[in-house]
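2 protein chains.
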Amino acid sequence: MKARVHVSLKNGVLDPQGKAIGQALHSLGFAEVGEVRQGKLIELELTGALAAKPKAEIEAAVKDMAQKLLANTVIENYSVELVG
Amino acid sequence: MKARVHVSLKNGVLDPQGKAIGQALHSLGFAEVGEVRQGKLIELELTGALAAKPKAEIEAAVKDMAQKLLANTVIENYSVELVG
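Taken in order, these protein sequences are the chains called A and B. For the first sequence, position 75 (counting from the first letter as 1) is numbered 75 according to our numbering, and the numbering increases by one without interruption. Counting from 1 along the second sequence, just add 84 to a position and that's the residue number in our numbering.
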């Protein structure tokens, strides 16, 4: 069982990496690109008893991981997707 | 029109960030986590004439952006998804 956690900056939070990517794309001639936002996609392999639990419990555990470590919930949103 | 580019390390390429996240999760008590891989999810807003083109052409343009800037194709894979 795998889980995917997508962590992205909240709207309104400045994204300097996204801005730098946008400017670089423009300088490479890709003029028709507006706002660029960069987030993280963390893929976790879940093992043992956790992997065998009902989906709702697994999702709750992964959300707990996101709350405690994977996302800075002050400036970031996260979403959890279970795979397989 | 938006495009999402998911950039991830190729299999076999060492992922120190993923390892560090895995160890941190273990130290927080999340023992049932195996391999962790971290990738990037870049969301691009496409504007002007590009946004009005047929999907296949838009996808080709975004793949071109990935080849030239967004991904290091020696060690990274990328996938393109059009949204909206």
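C-beta: ideal position from N, C-alpha, C; glycine also.
Show which residues of chain B have a CB atom less than 8 angstroms away from the CB atom of residue 47/A. 116, 117, 118
Cβ distance (whole Å) where residue 44/A is taken to contact residue 164/B below 8 angstroms: Wrong, their Cβ atoms sit about 24 angstroms apart, outside the cutoff.
By Cβ distance, which residues of its chain are closer than 6 angstroms to residue 90/A, with the 5 residues on each side in sequence left out? Residue 90/A lies beyond the range of chain A shown here (1 to 84); nothing can be said about it.
Residue 10/A: which of 83/A, 30/A, 39/A, 61/A sits nearest, CA to CA? 39/A
Leaving out five residues before and five after residue 85/A in sequence, what residues of the same chain have Cβ atoms less than 7 angstroms from its Cβ? Given a span of 1 to 84 for chain A in the structure shown, any question on residue 85/A remains unanswerable.
Tell me where the beta strand (DSSP E) around residue 38/A begins and ends. 33-46
Looking at the strands, I want to know which residues DSSP matches up with residue 81/A. 4/A
Per-residue contacts from residue 122/B into chain A (C-beta, under 8 angstroms): 40, 41, 42, 43
Would you check if the distance between the CB atom of residue 147/B and the CB atom of residue 166/B is smaller than 9 angstroms? no
Run through the DSSP bridge pairs and tell me what residue 160/B is partnered with. 93/B
Indicate whether at least one CB of chain B lies closer than 9 angstroms to the CB of residue 12/A. no
Using the Cα positions of residue 125/B and residue 154/B, report the straight-line distance between them to the nearest angstrom. 10 angstroms
Taking any Cβ of chain B, which residues in the region 13-29 of chain A have a Cβ under 7 angstroms from it, in chain order? 21, 24, 25, 28
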